[in-house]
Amino acid sequence: MTLEFPDLHMLDSPLALHKLTALKSVAQAFDLVKPFLAAQCDMRTGRHCGRLVTSTFAQDMASVALTAEFADTWFDWPADDDGLVVKIPAHRVVLCEAPYFASMLSGRFREASRDDASLSMAGMAADGMDVYVFQAALQWMYTGSRVELDAMAFDQGTEGTRKGGWLMVLCGIVVELLVMANMLGLDGLVSVCTSILSKLVATSKSSDVSSVCFEVAESLNMQRLKTQCEVMLRAVNTTA
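Numbering-wise (the numbering used here), the sequence shown opens with residue 2 and increments by one.
So, in structure tokens, the structure goes:
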């Protein structure tokens, strides 16, 4: 007896993943419509010819981030006291995802007729913010990828390097990025930075690291990280 699947048009409509999986199992068990139905199910679940199709969105966006291609906004970051600036290209469609930039752009450039515009970041620089930290935050806005941040957090070098203060350097960088992310309203980046600092506090068992993290957690009202630092500081002081 030969079984035929009556209608393939159902695959043109949205189907839950578990239903596609079940449909594929039936197709394979009864050899329905040769391999065609199973292949259709594979493609609908993100697979094609047995190979997983992975998204390249983050990589594609990374190739655009901080480049002048199609840029319609430029940040002017003071490089020194001689009036020189670092010009950082960006794209409004990405920037408007951050409340800080959305407010800035809608206020100043809502009526603008120019194809591009420059934003002075002198105030942020005067507050002690670092241009490289600012660029890292912009990179995050384009990709939303934590891979590089995670790699930075756990590539802590040799034991000698760690004793030489690398952990404090790393902690300082992540703290600066956390403050920047909080200022820009990048909740996802805030969460990632907080997670990295939490791991540093737990693995370093350093009173210096815990103290720095405690201060930023208290200033930004991050109760969980603050509590973790308090516990670690008490433990370190007890064993000292």
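Just so it is clear, CB atoms sit at the ideal spot from N, CA and C, and this is done for glycine as well. Predicted, not measured: the structure shown is a model, and the values here were computed from it.
Alpha-carbon to alpha-carbon, residue j and residue i
i: Glu-216; j: Cys-194; result: 15 Å
i: Pro-79; j: Ser-119; result: 13 Å
i: Asp-131; j: Trp-141; result: 16 Å
i: Lys-206; j: Val-237; result: 7 Å
i: Asp-73; j: Ala-59; result: 21 Å
i: Ser-211; j: Glu-70; result: 42 Å
i: Phe-135; j: Met-233; result: 30 Å
i: Ser-196; j: Trp-75; result: 31 Å
i: Cys-230; j: Gly-166; result: 19 Å
i: Ser-107; j: Met-169; result: 39 Å
i: Ala-127; j: Thr-228; result: 31 Å
i: Asp-82; j: Met-122; result: 14 Å
i: Met-44; j: Ser-64; result: Low per-residue confidence applies at Met-44: pLDDT is 46, beneath 50, and the placement is therefore not dependable, though the value from the model is reported in the following sentence. Their Cα atoms are separated by approximately 27 Å.
i: Leu-85; j: Gly-173; result: 26 Å
i: Met-62; j: Leu-201; result: 29 Å
i: Val-191; j: Gly-129; result: 19 Å
i: Leu-171; j: Asp-209; result: 12 Å
6 Å Cβ shell around residue i - same chain, five flanking residues per side excluded
i: Leu-221; result: Asn-183
i: Gln-224; result: none
i: Thr-239; result: none
Close Cβ partners of residue i (< 8 Å) along its chain, the five nearest in sequence each way excluded
i: Met-105; result: Leu-120
i: Ser-146; result: Ala-59, Ala-63
Cβ-Cβ separation, residue j to residue i (assumed contact under 8 Å), whole Å
i: Thr-68; j: Pro-90; result: 6 Å
i: Val-213; j: Val-180; result: With 8 Å as the limit, Val-213 and Val-180 do not qualify as a contact, their Cβ atoms being about 12 Å apart.
i: Leu-178; j: Ala-137; result: 6 Å
Cβ-based neighbour list, residue i, same chain, cut-off 7 Å, excluding 5 preceding and 5 following
i: Val-87; result: Trp-78, Ala-80, Val-132
i: Arg-245; result: Summary: the structure shown does not reach residue 245, with the chain confined to residues 2 through 241, and so no result is reported for it.
i: Leu-226; result: Thr-195, Leu-198, Ser-199, Cys-214, Ala-218
i: Cys-97; result: Ala-103, Leu-106
i: Val-95; result: Met-142, Tyr-143
i: Ala-66; result: Leu-139, Gln-140, Tyr-143, Thr-144
Contact between the region 93-109 and the region 177-188: three or more CB pairs below 8 Å? yes
Please give me, in chain order, every unbroken run of the beta strand (DSSP E) with length at least 3 that falls completely inside the region 151-225. none
Within the region 80-113, note down every full alpha helix (DSSP H) run reaching 4 residues or more, in order along the chain. 93-96, 100-109
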